[in-house]
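J.: For the sequence shown, position 304 (counting from the first letter as 1) is numbered 453 according to the numbering used here, and the numbering increases by one without interruption. The C-beta atom is built at its ideal place from N, Cα and C for all residues, glycine as well.
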Amino acid sequence: MKKITVYGKENIPKKGAVLFIPNHQNGLVDAILVPTTNARNTHFLTRAAVFKNEKIATIFDSLNMLPVYRVRDGLNTIQKNLAIFEKCFEILKQKKGLEIFAEGEHHIERRIIPLKKGFARIILGTLQKYPDLEIQIIPVGINFDAHLAYPCSTTIYYGEPIKANDYINVKNPDLKFSELISVVSNAMKKLTLHVDAIENYDAIISKLEANGIDYLNPSTANDLLKNIDKLPESTTKKQQPTNWFYPLQLVAKINSIVPLLIWKKLQAGITDILFTNTIRFALITTLFPFIYLLQSAVIYYFFTINYALIYIVFSVALGIISTKTTPIPQ
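1. With leucine 276 and asparagine 314 assumed to form a contact (beta carbons below 8 Å), what rounded beta-carbon distance in angstroms separates them?
2. What did DSSP end up calling proline 322 once you bin it into helix, strand or coil?
3. According to the Cβ coordinates, are threonine 481 and glutamine 174 closer than 9 Å?
4. Hey, quick one: how far does the alpha helix (DSSP H) through threonine 275 stretch, first residue to last?
5. Going by Cα to Cα distance, which pick from Pro381, Lys379, Gly418 and Pro438 is closest to asparagine 404?
6. Identify the continuous beta strand (DSSP E) that holds tyrosine 299 and give its terminal residues.
7. Just tell me which of His192, Ile262 and Leu373 has its CA closest to the CA of glutamate 239.
8. My output table needs one value for glutamine 444: the three-state DSSP class, helix, strand or coil.
9. Do you know offhand how far valine 178's Cα is from histidine 296's?
10. What separation, rounded to the nearest whole angstrom, lies between the Cα atoms of glutamate 262 and tyrosine 279?
11. For leucine 282 and leucine 397, I'd like the C-alpha separation in whole angstroms.
12. Is phenylalanine 250 helix, strand or coil when you go by DSSP?
13. Assess, as a yes-or-no matter, whether the region 302-310 is touched by the region 266-273 under the definition of 3 or more beta carbon pairs within less than 8 Å.
14. Can you grab the Cα-Cα spacing for the pair lysine 158 / serine 445, in whole Å?
15. Write down every uninterrupted run of the alpha helix (DSSP H) in the region 170-198 whose length is 4 residues or greater and which is fully enclosed by it, in chain order.
16. Identify the residues that DSSP records as bridge partners of valine 289: which are they?
17. Report the CB separation of valine 167 from glycine 290 in whole angstroms; it is logged as a contact under 8 Å.
18. With C-beta atoms as the reference, is histidine 255 less than 9 Å away from glycine 176?
19. Could you tell me which residues DSSP pairs with tyrosine 156 in its beta bridges?
20. With 16 other CB atoms within 10 Å as the buried threshold, where does proline 367 fall?
21. On the premise that isoleucine 330 lies in contact with proline 310, defined as a C-beta separation below 8 Å, what is that separation, rounded to the nearest angstrom?
22. Applying the criterion that 16 or more other CB atoms from any shown protein chain within 10 Å of the CB defines a buried residue, is proline 478 buried or exposed?
23. DSSP on isoleucine 284, reduced to helix/strand/coil?
24. Just to confirm, is the Cβ distance from leucine 241 to isoleucine 181 under 9 Å?
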């Protein structure tokens, strides 16, 4: 990430059961942004497909990740959700945090798609088991200036808490959860750009971008959307500022040629483009440091430890400069 900015942390209860409901316009990156930008002990549900490898599943389990099974995973797997839901009941009973992507799937559109009932069922099940427990819902808006570009900037908006108990009748529940879903969905739509007109989506996005929309600020972005009919059809496209750091970025690329070639090969095989940043993040945190350490070991073998240390500092500095100064294509 180029920059991560967090707003509304004061809305997060310091104690008590809390359910974070963010939008989902990226892959695993979305999942880790919420637990790493607030102080609550948070578990989060993620697609069961990533748990197929036992060793990887062990790692994910240590990171407070819980698998959730969908119909597409096979009808026989849906029963496994009962055990996962029971775990969720206990997490909330222990007054910890739980993160659920209520949209049910990730997508690249700048909108909130209709929420699924899973999060509401977990709330109902928890309150049926622990009727005196108070559960707060925190709607979350995760905003990227460019979904697939690297590096990109991100803003995370934590909305005002919604007391789930006010919308759940434990004795005579509305199993459609219409009111609760509507309240949470409307709150999320204020925390990220929400383009409701699906049929004109591409034209609307093009017009907004031509008029300099700031995706990182959902308030101004939604205001611009409301006045879209008053906006000019097109404007003169702003020239990209001169990138004075390009020579250093070129050196950084040459220095990282081996992991970059591996990334290019892996990138060509990505079938779901929204996993681009997830795979890239995994490589940046594992392969790139490994290559740098390996190159440092070679330098140390042929020269001295001082040269090896200088190389490490040099590589880290180049990486930081490259990350902070690369222009984002819109």
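T.: In short, the structure shows the following:
1. If you number the sequence shown from 1, residue 276 lands on position 127. If you number the sequence shown from 1, residue 314 lands on position 165. About 7 Å separates the two Cβ atoms, so the contact holds.
2. What you label residue 322 is simply residue 173 of the sequence shown in a count that begins at 1. Three-state DSSP puts proline 322 in coil, outside helix and strand.
3. This structure cannot speak to residue 481, because the chain is shown only from 150 to 479.
4. One-based indexing of the sequence shown puts residue 275 at position 126. It spans 267-278 - the alpha helix (DSSP H) in which threonine 275 sits, taken as one unbroken run.
5. Within the sequence shown, numbered from 1, the residue matching residue 404 stands at position 255. Ranking the options by Cα distance to asparagine 404, first place goes to Pro438.
6. Taking the sequence shown and counting its residues from 1, one reaches residue 299 at position 150. Careful: tyrosine 299 lies outside any beta strand (DSSP E) and carries neither H nor E.
7. By one-based count along the sequence shown, residue 239 stands at place 90. Among His192, Ile262 and Leu373, the Cα nearest to that of glutamate 239 belongs to His192.
8. One-based indexing of the sequence shown puts residue 444 at position 295. Reduced to three states, the DSSP call for glutamine 444 is helix.
9. As a position in the sequence shown, residue 178 is number 29, starting the count at 1. As a position in the sequence shown, residue 296 is number 147, starting the count at 1. Each residue's alpha carbon lies about 11 Å from the other.
10. Counted from its first residue, the sequence shown places residue 262 at position 113. Counted from its first residue, the sequence shown places residue 279 at position 130. The question names glutamate, but residue 262 in the sequence shown is isoleucine. Cα to Cα, the separation comes out at about 31 Å.
11. The sequence position of residue 282 within the sequence shown is 133, counting from 1. The sequence position of residue 397 within the sequence shown is 248, counting from 1. Rounded to whole angstroms, leucine 282 to leucine 397 spans 56 Å at the Cα level.
12. Numbered from its first residue, the sequence shown carries residue 250 at position 101. If DSSP states are grouped into helix, strand and coil, phenylalanine 250 belongs with coil.
13. no
14. Within the sequence shown, residue 158 is the residue found at index 9, counting from 1. Within the sequence shown, residue 445 is the residue found at index 296, counting from 1. Distance between the alpha carbons of lysine 158 and serine 445: 41 Å.
15. 177-182
16. Counting from 1 along the sequence shown, the entry for residue 289 is found at position 140. In the DSSP output, where bridge partners are listed per residue, valine 289 has Pro171 and Tyr307.
17. Counting from 1 along the sequence shown, the entry for residue 167 is found at position 18. Counting from 1 along the sequence shown, the entry for residue 290 is found at position 141. Rounded, the Cβ-Cβ distance is 16 Å, inconsistent with contact.
18. Position 106 of the sequence shown holds residue 255. Position 27 of the sequence shown holds residue 176. For histidine 255 and glycine 176, yes; Cβs fall inside 9 Å.
19. As a position in the sequence shown, residue 156 is number 7, starting the count at 1. In the DSSP output, where bridge partners are listed per residue, tyrosine 156 has Tyr306.
20. Mapped onto the sequence shown, residue 367 falls at position 218. Counting Cβ neighbours within 10 Å, proline 367 comes out buried, since at least 16 surround it.
21. Residue mapping note: residue 310 aligns to position 161 of the sequence shown, counting from 1. Residue mapping note: residue 330 aligns to position 181 of the sequence shown, counting from 1. Contact doesn't hold; Cβ gap of about 17 Å is too wide.
22. Taking the first residue of the sequence shown as position 1, residue 478 is located at position 329. Reliability of the predicted coordinates at proline 478 is poor, the pLDDT of 48 falling under 50, and no value is obtained from them.
23. Translated into positions along the sequence shown, residue 284 becomes position 135. If DSSP states are grouped into helix, strand and coil, isoleucine 284 belongs with the strands.
24. For the purposes of this step, residue 241 is taken as the residue at position 92 of the sequence shown. For the purposes of this step, residue 181 is taken as the residue at position 32 of the sequence shown. Their beta carbons are not under 9 Å apart, which means leucine 241 does not touch isoleucine 181 by this criterion.
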